[in-house]
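> Before I ask anything, let me first share the structure, which is written out below as structure tokens.
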Amino acid sequence: MENGLVSVDRWSDGSQIYFLTHLHSDHTKGLSSQWSKGPLFCSRLTAKLFSLKFPDFNLSLLRVLEIGLWHSISLISPSSGSRKTIKVMAIDAHHCPGAVMLLFRGDFGSLLYTGDFRWEMSSERASKGRIALLNALEENTVDILYLDNTYCNPYYAFPSRQIAAQQIVDIVASHPEHDIIIGIDSLGKEDLLLHISRMLKIKIWVWPERLQTMHLLGFNERFTTKTNLTRVRAVPRYSFSIDTLEGLNQMRPTIGIMPSGLPWVVRPGKGDDILSGSLLTTLYRRSKLNENAGVLIEEQIGKAETVKRLHKYIFSVPYSDHACFSEIQEFIKLVRPTNIKGIVSSSSCYVEPLYYFGRLCGAKQPENNVHHKKRRTRKGEKGAVDINFVYSEKRRGKGTNVGILNVSVRGGRVSALRRVQRGARLAGSDCPD
Ligand SMILES: [Zn+2]
Numbered sequence: 001m002e003n004g005l006v007s008v009d010r011w012s013d014g015s016q017i018y019f020l021t022h023l024h025s026d027h028t029k030g031l032s033s034q035w036s037k038g039p040l041f042c043s044r045l046t047a048k049l050f051s052l053k054f055p056d057f058n059l060s061l062l063r064v065l066e067i068g069l070w071h072s073i074s075l076i077s078p079s080s081g082s083r084k085t086i087k088v089m090a091i092d093a094h095h096c097p098g099a100v101m102l103l104f105r106g107d108f109g110s111l112l113y114t115g116d117f118r119w120e121m122s123s124e125r126a127s128k129g130r131i132a133l134l135n136a137l138e139e140n141t142v143d144i145l146y147l148d149n150t151y152c153n154p155y156y157a158f159p160s161r162q163i164a165a166q167q168i169v170d171i172v173a174s175h176p177e178h179d180i181i182i183g184i185d186s187l188g189k190e191d192l193l194l195h196i197s198r199m200l201k202i203k204i205w206v207w208p209e210r211l212q213t214m215h216l217l218g219f220n221e222r223f224t225t226k227t228n229l230t231r232v233r234a235v236p237r238y239s240f241s242i243d244t245l246e247g248l249n250q251m252r253p254t255i256g257i258m259p260s261g262l263p264w265v266v267r268p269g270k271g272d273d274i275l276s277g278s279l280l281t282t283l284y285r286r287s288k289l290n291e292n293a294g295v296l297i298e299e300q301i302g303k304a305e306t307v308k309r310l311h312k313y314i315f316s317v318p319y320s321d322h323a324c325f326s327e328i329q330e331f332i333k334l335v336r337p338t339n340i341k342g343i344v345s346s347s348s349c350y351v352e353p354l355y356y357f358g359r360l361c362g363a364k365q366p367e368n369n370v371h372h373k374k375r376r377t378r379k380g381e382k383g384a385v386d387i388n389f390v391y392s393e394k395r396r397g398k399g400t401n402v403g404i405l406n407v408s409v410r411g412g413r414v415s416a417l418r419r420v421q422r423g424a425r426l427a428g429s430d431c432p433d
């Protein structure tokens, strides 16, 4: 696709139209209520939620993409001045409310941008999603797949959200005398909270802005801002930390549950020897790294993550809104793209998707893409060594022109977690899981 036509989740100057896959903050960096650079295309649900995040946004600039329908958009070629038509279809990304993948078609070929996505294989919704995607692709080849590669590493294996949600219900039910706090973002994980509410027949406390979101999504009955009505509270992820839990336990017995596919990094504080190291490090220590880079790993190295007790007050449950490695693999088998570009880069854990999946799409497998790197030992850690996967090309940050679509390449989540202070406070970041 020619430069200067289309940007996806990227908000700098120079495009005629802009697309937003979903409203998580790492996809809206650079977007503001004062936006005036051009029409912005998004799903109907994202458009509905838009004013909550951008109160003074000029809504006449929003263009709604109906899911599953082709939309034709006429643009002017910056180089020749001639008219060009691109076709675009939004496809449910199974990530958070309103999240879509975008399939583009035109004289440039066919491009599929997943945004953040989950690709479970067991639910009815998943089967519908698979049929919808196949219908959208028809018999056409996808020339470039822009992939949510957050967990593009066989170490990342976790169960379906349905199973993980039940694990959380079990934790809550087995602590009848405790208050419970659950760390969530400003959007996403509504199904989890609804499941807890239904199964345990309790309301869930959320903060006032989150209640507004719940009401817009049509969930009026099960959520409240009154603390005396429930012992289960969904709190902003940034306020969820060991310090918070320790403070709450001064008043009432309280446990915290963090639903996330991420390996948690828990930095040791004074006297916290038990918390030294990170789960990621531990996994790498325990597992034998497959150094045979040329072999497609059909069998996952990691075992499906289950509930982990990270601290006497904190449980981590692998409930994730991103596809794990095996799901990414299934997705690529279905799409069979000619080429793949990852949309998440990271300073500490990144694997070029072609490294694992090049063979599935017939592309040349990159060489020397895995580096074993000794990490500086942090104060308080006992000589832990991380085995980091590092993208061997020039590392990309912020937005970039990846391939032929102007897209946003975002920093990795593991590195973001490594910046946290003691505990798991992850300030100012949505969608880290
Ligand atoms: Zn997201």
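Here the sequence shown stands for residues 1 to 433, numbered as in full-length UniProt numbering.
For glycine and all other residues, C-beta sits at the position ideal for the given N, C-alpha and C.
Taking the DSSP output, what are the residues bridged to residue 505?
Residue 505 lies beyond the range of the chain shown here (1 to 433); nothing can be said about it.
> Just tell me which of Leu52, Leu75, Trp35 and Leu20 has its CA closest to the CA of Asn3.
Counting from 1 along the sequence shown, the entry for residue 3 is found at position 3. With distances taken between Cα atoms, Asn3 lies closest to Leu75.
> Can you give the Cα-Cα distance for Ile322 and Leu20, rounded to whole angstroms?
Taking the sequence shown and counting its residues from 1, one reaches residue 322 at position 322. Taking the sequence shown and counting its residues from 1, one reaches residue 20 at position 20. Looking at the sequence itself, residue 322 is His, so the reference to Ile does not match. Going from the Cα of His322 to the Cα of Leu20 covers about 17 Å.
> I'd like to know if the segment 146-164 and the segment 197-215 are in contact, where contact means that at least 3 CB-CB pairs between them fall below 8 Å.
No, because fewer than three Cβ pairs between the segment 146-164 and the segment 197-215 fall closer than 8 Å, the two stretches do not touch.
> Quick one: Cα of Ile181 to Cα of Glu138, how far?
Taking the first residue of the sequence shown as 1, we reach residue 181 at position 181. Taking the first residue of the sequence shown as 1, we reach residue 138 at position 138. Using only the alpha carbons, I get a separation of about 45 Å.
> Could you tell me which whole beta strand (DSSP E) segments of length 3 or greater appear in the segment 126-199?
DSSP runs (the beta strand (DSSP E)) wholly in the segment 126-199: 144-147 and 179-184.
> Taking the DSSP output, what are the residues bridged to Asp92?
Taking the sequence shown and counting its residues from 1, the one referred to as residue 92 is at position 92. DSSP, once it has assigned bridges, lists Val100 as partnering Asp92.
> Grab me the residues of Glu120's own chain with a C-beta within less than 6 Å of its C-beta, minus the 5 sequence neighbours each way, in chain order.
For the purposes of this step, residue 120 is taken as the residue at position 120 of the sequence shown. Answer for Glu120: Ala126 and Ser160, listed in chain order.
> In whole angstroms, give me the CA-to-CA distance for Thr224 and Gly218.
Translated into positions along the sequence shown, residue 224 becomes position 224. Translated into positions along the sequence shown, residue 218 becomes position 218. Approximately 14 Å between the Cα atoms of the pair.
> Quick check on Tyr319: does DSSP put it in helix, strand or coil?
The sequence position of residue 319 within the sequence shown is 319, counting from 1. Looking at Tyr319 - three-state DSSP - the assignment turns out to be coil, as it is neither helix nor strand.
> Quick check on this structure: which residue in Ala165, Tyr355, His94 and Val8 has the alpha carbon closest to the alpha carbon of Val88?
On the sequence shown, residue 88 is found 88 positions in, with the first residue counted as 1. With distances taken between Cα atoms, Val88 lies closest to Val8.
> Note down, in chain order, each residue of its chain lying with its Cβ closer than 6 Å to the Cβ of Val169, except the 5 sequence neighbours on either side.
For this step, residue 169 is matched to residue 169 along the sequence shown. Closer than 6 Å at the Cβ level, and outside the excluded window around Val169, lie Ile196 and Met199.
> If I measure Cβ to Cβ from Gln167 and keep anything under 6 Å in the same chain, skipping five residues before and after, which residues do I get?
Against the sequence shown, residue 167 aligns to sequence position 167. Here the set comprises Val307 and Val317.
> If we count Cβ pairs, one from each stretch, closer than 8 Å, do we get three or more for the segment 185-196 versus the segment 240-258?
Judged by Cβ distances under 8 Å, the segment 185-196 makes no contact with the segment 240-258, as fewer than three pairs qualify.
> Quick one: any contact between the segment 221-237 and the segment 100-118, if contact means 3 or more CB pairs under 8 Å?
Cβ pair count under 8 Å is below three, so no.
> Grouping DSSP H, G and I as helix and E and B as strand, with all else coil, what is Arg237?
If you number the sequence shown from 1, residue 237 lands on position 237. Looking at Arg237 - three-state DSSP - the assignment turns out to be helix.
> Measuring only from the beta carbon, is Asp92 closer than 6 Å to any heavy atom that is part of ligand 1?
On the sequence shown, position 92 is the one that residue 92 refers to. The answer is no for Asp92.
> Inspect the beta-carbon positions of Ser110 and Asn140 and report whether they are closer than 7 Å.
Position 110 of the sequence shown holds residue 110. Position 140 of the sequence shown holds residue 140. Contact: yes.
> Does the distance from the CB of Leu45 to the CB of Pro78 come in under 7 Å?
In the sequence shown, counting from the first residue as 1, residue 45 sits at position 45. In the sequence shown, counting from the first residue as 1, residue 78 sits at position 78. Contact: no.
> Is Gly129 buried or exposed, if buried means 16 or more other CB atoms sit within 10 Å of its CB?
As a working mapping, residue 129 is identified with position 129 in the sequence shown. Looking at its Cβ environment, which holds 16 or more other Cβ atoms inside 10 Å, Gly129 is buried.
> Tell me, please, which residues DSSP counts as bridged to residue 436.
Any answer about residue 436 is impossible in this case: the structure gives the chain only from 1 up to 433.
> Could you give the distance in angstroms between the alpha-carbon of Phe41 and the alpha-carbon of Arg252?
Position 41 of the sequence shown, counted from the first residue, corresponds to residue 41. Position 252 of the sequence shown, counted from the first residue, corresponds to residue 252. In a straight line, the C-alpha of Phe41 is about 47 Å away from that of Arg252.
> Should Ser408 go down as buried or exposed, given a rule of 16 or more other Cβ atoms within 10 Å for buried?
In the sequence shown, residue 408 corresponds to position 408, counting from 1. The residue is buried, with at least 16 neighbouring Cβ atoms inside 10 Å.
> Using DSSP with H/G/I as helix, E/B as strand and the rest coil, what is Val344?
Locating residue 344 in the sequence shown gives position 344, where the first residue counts as 1. Val344 falls in the strand class under three-state DSSP.
> Relative to the C-alpha of Leu112, which candidate in Glu327, Ile73 and Leu134 has its C-alpha closest?
Working through the sequence shown from its first residue, we reach residue 112 at position 112. Checked all of Glu327, Ile73 and Leu134; the closest Cα to Leu112 is Leu134.
> Taking a contact to mean a Cβ-Cβ separation below 7 Å, would you say His178 touches Thr254 in this structure?
Your numbering for residue 178 matches position 178 in the sequence shown. Your numbering for residue 254 matches position 254 in the sequence shown. Yes, the Cβ-Cβ distance between His178 and Thr254 is below 7 Å.
> Closer than 8 Å by C-beta to Pro55: which residues in its own chain qualify, once you throw out the five before and the five after it? Chain order, please.
Mapped onto the sequence shown, residue 55 falls at position 55. Ser33, listed in sequence order.
> Do you know how far the Cα of Gly14 is from the Cα of Arg267?
Counting from one through the sequence shown, the residue named residue 267 turns up at place 267. Counting from one through the sequence shown, the residue named residue 14 turns up at place 14. Because the pLDDT of Arg267 is 45, which lies under 50, any placement of that residue in the model is unreliable, and the number read from its coordinates should be weighed accordingly. Near 42 Å, if we compare the C-alpha coordinates of Gly14 and Arg267.
> Quick one, are the C-beta atoms of Asp143 and Thr338 less than 7 Å apart?
What you label residue 143 is simply residue 143 of the sequence shown in a count that begins at 1. What you label residue 338 is simply residue 338 of the sequence shown in a count that begins at 1. Yes, the pair counts as a contact, with Cβ atoms nearer than the cut-off.
> Taking 6 Å as the cut-off, does the CB of Asp116 come closer than this to any heavy atom belonging to ligand 1?
Residue 116 sits at position 116 when you count from the first residue of the sequence shown. Under cutoff, so the answer is yes.
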